[in-house]
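First to last, the sequence lines map onto chains R and Y.
Be aware that the first sequence starts at 422, since it is given in this note's numbering, and climbs by one per residue.
Be aware that the second sequence starts at 68, since it is given in this note's numbering, and climbs by one per residue.
Even glycine gets a Cβ: it sits at the ideal position worked out from N, Cα and C.
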Amino acid sequence: MSHLIHIELDRLEGSLLRVLGLIERRGFHIDQMELYDLGEKRGLSVTVRPRDPSRSPDQLGLQIDRLYGITRLSADPRVGAGADTQAKQGIRA
Amino acid sequence: MSNEPTGAQLVISTLKALGVETLFGYPGGAIMPIYDALAGSGLQHILVRHEQGASFAADAYARATGKVGVCMATSGPGATNLITGIANAYMDSVPLVCITGQVGTHLMGTDGFQEVDILGICLPIVKHSWLVRNPADIPRILAEAFAIASEGRPGPVLVDIPKDVAAAHTGTSSTATFPAWTAPEPDANAIREAEKLIASAKKPLFYAGGGVEMGGASPAFLELVKRTGIPVVTTLKGIGVVPTTEELYLGMLGMHGTRAANTAVQESDLLIALGARFDDRATGKLNAFAPNAKIIHADIDPAEINKLRKANVGIVGNLKTTIESLNPKVEGIQKWVEKCKADKWEHRFRYNAPGAGVYAPALLKLLSEKAGDKFIAACDVGQHQMWVAQHCEFANCRAHLTSGGSGAMGYGLPAGVGAKLAKPDHHVVTISGDGSFMMNIQEMATLNRYNIPLKIVLLDNSSLGLVRQWQELFYQENYSEIDLSDNPDFVVVAKAFGLDAFRITHRHEVEGAVDRLLAAEGPTLLHVLIDPRENVWPLVPPGASNAEMMEERWDEPLDSY
Ligand SMILES: Cc1ncc(C[n+]2csc(CCOP(=O)(O)OP(=O)(O)O)c2C)c(N)n1
Ligand SMILES: [Mg+2]
């Protein structure tokens, strides 16, 4: 089962490697990805597939949320304003 | 020359402004501007003899105090020598700021002398990292680095500073702050749900990890334990969150846990996990772990809830307020508590091992009792580490410094350096093995240079004991590369480094040796020869359920030792 994750990246040293490395390390294949310009930030859409059923995409999402300067979005930001940003809810742990 | 500060001067002034007093490091080419600014700054810099020692010492300084530890190294090999320490801090959630020199910006990416992409190498083992491109950013980045290292679930961060950036002048002043972060408060509904589960449980059990102490919640937790009367097991890192003498404390769970702790977990109908992460060394075979238990899991890190074991109630946020707000009605658990206590008594450790040789568990227990509330153990990794976890008494969690998640041999001696500098009025004792000690043996020179009166107990079984034990039990006694019988004479070596050192070989010498060690004025090593065949018991075989504990007993009258 594939999962599409949308991510917003601050323009920080290493941020792309940081998030892609995390996805692979936590047990997911990266099947497709697209990097695009969002002005001050960059957008990244990644299609991931768990290596085995014990790897949960929800859990991966929470791992991504822990990264700094990297925000997970629940909907495609290019779809237009008002996209549902399921940001970090103040949790930076 | 400009009067404006250099990047390097900003590093030093910002560290001071952030409250740093002591840091650990080792100079070299790319970090020379920072060492130039360090001289005469008033910061206490401890020159270790290997950068790994700097990262471990800073880690232990942080663990012992709750403050952020700081270490520095030059580019290339200096930076890579820090890595084991960074990974260690990452696995155990220790707040650590690592500052590395980098080659000049124009050389980066050209395979310049001593260039290594340390930011890239460390990405998986830091909470965050920075490569500083502009000296004016240094105060802000360092303030951010300290905040990120210590807030929420703590961890290591890396600040890589190219030589030209450190050398350049800038107009920025050294005052920078980073908005303080406050841990989110636990959800009141989740607390109520947890209370309901506790109220309906007949066999509830606390499973407490190092997060309890890191969340500043240990006193509140002890109060909760006393208020509810619910028994406690801890992880390796959680040892001491309640004093080990507390009657409801059943011991450590997991691979080398006590029988009482593992049995309680397997039988419990509700496991209340606080600041713990269901690590495989703690759970054994995961799907056989606590098979009858519902789970309440409280942690500051939302990514830990449901990671390995599904929680019936997850509580994310400030662990101290979580623990303080839990006020469940606890009824009808007396039978359970009595059973737990009876198991604890029946399976208590025995110290009447046969023979006249030194029995390490008995020595360690005695050492911790004699050192009392001021005891701090800095452990290495191996059988001796597990014996410390099993047999020493600890008044609090910050008294037990151990490389838990990473299991890094070589931690003990530099950790002792860091801890003794942090807590000079404590009995800080490094407890090491003959294998581990050799991994950072050079730090005895640091003890001597600064006259740090660390005490060292070297438990010498002339082998890589824990590996030997596994080969004996799980590899048909095929002993492969574990013999260290050609060890140097550790007493002579220690003396050559300027320490006092002495050796014991017999049980009757133990008490006198412990007294002499604790009373010694300067850095002192006690070399203890022990039987290489001694094993750590109990033991859950790798991959097995915690219900399948192996144990060894000897048939001698109890408590005769
Ligand atoms: C850096 C590192 N290398 C290898 C290991 C694997 N290992 C775990 S325990 C151990 C033996 C430790 O020997 P020693 O320090 O003498 O302790 P003992 O078990 O004999 O008490 C080894 C090699 C490790 N944990 N860390
Ligand atoms: Mg050994």
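Legend entry - the segment 406-425 of chain Y touching the segment 95-109 of chain Y, judged by at least three CB pairs closer than 8 Å: no
Inset, instruction - Could you name the residues that DSSP lists as bridge partners for residue 227 (chain Y)? - result: For the purposes of this step, residue 227 (chain Y) is taken as the residue at position 160 of the second sequence. Y:167 and Y:198.
Inset, instruction - Select from Y:552, Y:590, Y:311 and Y:115 the residue whose C-alpha is nearest the C-alpha of residue 566 (chain Y). - result: Residue numbering aside, residue 566 (chain Y) sits at position 499 when the second sequence is read from its first letter. Per the Cα distances, Y:590.
Legend entry - residue 506 (chain R) at chain Y interface by Cβ criterion, 8 Å: Taking the first sequence and counting its residues from 1, one reaches residue 506 (chain R) at position 85. Note that residue 506 (chain R) scores 36 on pLDDT, short of 50, meaning its location in the model is unreliable and no value can be drawn from it.
Inset, instruction - On the DSSP bridge assignment, give the partners of residue 445 (chain Y) in chain order. - result: The residue you call residue 445 (chain Y) lines up with position 378 of the second sequence. Residue 445 (chain Y) pairs with Y:468 and Y:497.
Legend entry - When Y:328, Y:592 and Y:550 are compared against residue 524 (chain Y), the one with the closest alpha-carbon: Along the second sequence, read from residue 1 onward, the residue named residue 524 (chain Y) stands at position 457. If we check each option's Cα against that of residue 524 (chain Y), Y:592 comes out closest.
Legend entry - Cα-Cα separation, residue 634 (chain Y) to residue 238 (chain Y): In the structure as shown, chain Y starts at 68 and stops at 628, and residue 634 (chain Y) therefore has no counterpart that could be examined.
Legend entry - Cα-Cα separation, residue 480 (chain Y) to residue 504 (chain Y): Sequence index remark: in the second sequence, residue 480 (chain Y) carries index 413 (1-based). Sequence index remark: in the second sequence, residue 504 (chain Y) carries index 437 (1-based). Roughly 7 Å between the two C-alpha positions.
Inset, instruction - Residues of the segment 361-373 of chain Y with a CB closer than 7 Å to any CB of chain R: list them in chain order, please. - result: 367, 368, 369, 370 and 373
Legend entry - Members of the segment 187-198 of chain Y near chain R, C-beta cut-off 8 Å: Per Cβ criterion, the list reads 187, 190, 191, 194, 195, 196, 197 and 198.
Legend entry - residue 527 (chain Y): first and last residue of the uninterrupted beta strand (DSSP E) it sits in: Here the question's residue 527 (chain Y) lines up with position 460 in the second sequence. DSSP places residue 527 (chain Y) inside the beta strand (DSSP E), whose first and last residues are 522-527.
Inset, instruction - Tell me whether residue 543 (chain Y) is buried or exposed, calling it buried when 16 or more other Cβ atoms sit within 10 Å of its Cβ. - result: Numbered from its first residue, the second sequence carries residue 543 (chain Y) at position 476. Exposed, because fewer than 16 other Cβ atoms sit within 10 Å of the Cβ of residue 543 (chain Y).
Inset, instruction - Let me know if residue 439 (chain R) comes out buried or exposed under the rule of 16 or more other beta-carbons within 10 Å of its beta-carbon. - result: Translated into positions along the first sequence, residue 439 (chain R) becomes position 18. Answer is buried; the Cβ neighbour count reaches 16.
Inset, instruction - State buried or exposed for residue 541 (chain Y), treating a residue as buried only when at least 16 other CB atoms are found within 10 Å of its CB. - result: Against the second sequence, residue 541 (chain Y) aligns to sequence position 474. Its Cβ having fewer than 16 others within 10 Å, residue 541 (chain Y) is exposed.
Inset, instruction - Check whether the Cβ of residue 547 (chain Y) lies closer than 7 Å to any heavy atom of ligand 2, and answer yes or no. - result: Residue numbering aside, residue 547 (chain Y) sits at position 480 when the second sequence is read from its first letter. No; taking the cut-off as 7 Å, the Cβ of residue 547 (chain Y) has no heavy atom of ligand 2 nearer than that.
Inset, instruction - Give, in chain order, every residue of the segment 204-233 of chain Y whose Cβ lies closer than 8 Å to some Cβ of chain R. - result: 215, 218, 219 and 220
Legend entry - Validate contact between the segment 343-355 of chain Y and the segment 308-318 of chain Y using beta carbons, cut 8 Å, 3 pairs: No: fewer than three Cβ pairs fall under 8 Å.
Inset, instruction - Consult DSSP for residue 531 (chain Y) and reduce its assignment to one of helix, strand or coil. - result: Within the second sequence, numbered from 1, the residue matching residue 531 (chain Y) stands at position 464. Note: residue 531 (chain Y) maps to coil in three-state DSSP.
Legend entry - residue 528 (chain Y): CB within 7 Å of a non-hydrogen atom of ligand 2: One-based indexing of the second sequence puts residue 528 (chain Y) at position 461. Correct: residue 528 (chain Y) has its Cβ closer than 7 Å to ligand 2.
Inset, instruction - Report yes if the C-beta of residue 617 (chain Y) is less than 7 Å from at least one heavy atom of ligand 1; otherwise report no. - result: Translated into positions along the second sequence, residue 617 (chain Y) becomes position 550. Checking the Cβ of residue 617 (chain Y) against ligand 1 gives no.
Inset, instruction - Closer than 8 Å by C-beta to residue 428 (chain R): which residues in its own chain qualify, once you throw out the five before and the five after it? Chain order, please. - result: In the first sequence, residue 428 (chain R) corresponds to position 7, counting from 1. Counting only Cβ-Cβ distances below 8 Å, and skipping sequence neighbours, we find 440, 464, 465, 466, 467, 485, 491, 492, 493 and 494.
Legend entry - Where residue 369 (chain Y) falls: helix, strand or coil (DSSP): Indexing the second sequence from 1 puts residue 369 (chain Y) at position 302. The answer is helix: DSSP assigns residue 369 (chain Y) an H, G or I state.
Legend entry - Neighbour list for residue 489 (chain R) in chain Y, Cβ cutoff strictly below 8 Å: On the first sequence, residue 489 (chain R) is found 68 positions in, with the first residue counted as 1. Neighbours of residue 489 (chain R) on chain Y, chain order: 194, 195 and 215.
Legend entry - Any C-beta of chain Y under 8 Å from that of residue 483 (chain R): Translated into positions along the first sequence, residue 483 (chain R) becomes position 62. Yes, contact with chain Y.
Inset, instruction - Confirm the yes/no value for this check: CB of residue 424 (chain Y), any heavy atom of ligand 1, distance under 7 Å. - result: Residue mapping note: residue 424 (chain Y) aligns to position 357 of the second sequence, counting from 1. Set against 7 Å, the gap from the CB of residue 424 (chain Y) to the closest heavy atom of ligand 1 is not smaller.
Inset, instruction - Determine the DSSP secondary structure at residue 453 (chain Y), reduced to helix, strand or coil. - result: One-based indexing of the second sequence puts residue 453 (chain Y) at position 386. In the structure shown, residue 453 (chain Y) sits in a helix (DSSP, three-state: H, G or I).
Inset, instruction - Evaluate residue 69 (chain Y) with the Cβ neighbour count: other Cβ atoms within 10 Å of its Cβ, from every protein chain shown; 16 or more gives buried, anything less gives exposed. - result: Position 2 of the second sequence holds residue 69 (chain Y). Residue 69 (chain Y) comes out exposed.
Inset, instruction - Using three-state DSSP, classify residue 259 (chain Y) as helix, strand or coil. - result: The residue you call residue 259 (chain Y) lines up with position 192 of the second sequence. Residue 259 (chain Y) falls in the helix class under three-state DSSP.
Legend entry - Neighbour-count burial assignment, residue 73 (chain Y), 16 or more Cβ in a 10 Å radius: Sequence index remark: in the second sequence, residue 73 (chain Y) carries index 6 (1-based). With 16 or more Cβ atoms within 10 Å of its Cβ, residue 73 (chain Y) is classed as buried.
Inset, instruction - Measure the C-alpha to C-alpha separation of residue 164 (chain Y) and residue 562 (chain Y) and round it to an integer number of angstroms. - result: In the second sequence, the residue the question calls residue 164 (chain Y) occupies position 97. In the second sequence, the residue the question calls residue 562 (chain Y) occupies position 495. Cα-Cα distance, rounded: 34 Å.
Legend entry - Candidates Y:386, Y:182 and Y:126, of which the one nearest residue 253 (chain Y) by Cα: The residue given as residue 253 (chain Y) occupies position 186 in the second sequence. Looking at the Cα atoms, Y:386 is the closest of the given residues.
Legend entry - Reduced DSSP category for residue 487 (chain Y) - H, G, I as helix; E, B as strand; rest coil: Here residue 487 (chain Y) refers to the residue found at position 420 of the second sequence. Helix, per DSSP.
Legend entry - Where residue 431 (chain R) falls: helix, strand or coil (DSSP): Taking the first residue of the first sequence as 1, we reach residue 431 (chain R) at position 10. Coil at residue 431 (chain R), not helix or strand.
Inset, instruction - Determine whether the Cβ of residue 497 (chain R) lies closer than 8 Å to any Cβ atom of chain Y. - result: Taking the first sequence and counting its residues from 1, one reaches residue 497 (chain R) at position 76. Only weak support exists for where residue 497 (chain R) lies, its pLDDT of 49 falling under 50; the value from the coordinates is given anyway. It does not: the Cβ of residue 497 (chain R) has no partner Cβ on chain Y nearer than 8 Å.
Inset, instruction - Under 7 Å Cβ to Cβ from residue 182 (chain Y), same chain only, skipping five residues before and after it: list those, please. - result: Translated into the one-based positions of the second sequence, residue 182 (chain Y) becomes position 115. Here the set comprises 142, 143, 170, 174 and 175.
Legend entry - Pair within 8 Å by beta-carbon distance, residue 198 (chain Y) and residue 461 (chain R): What you label residue 198 (chain Y) is simply residue 131 of the second sequence in a count that begins at 1. What you label residue 461 (chain R) is simply residue 40 of the first sequence in a count that begins at 1. No, they are not a contact pair.
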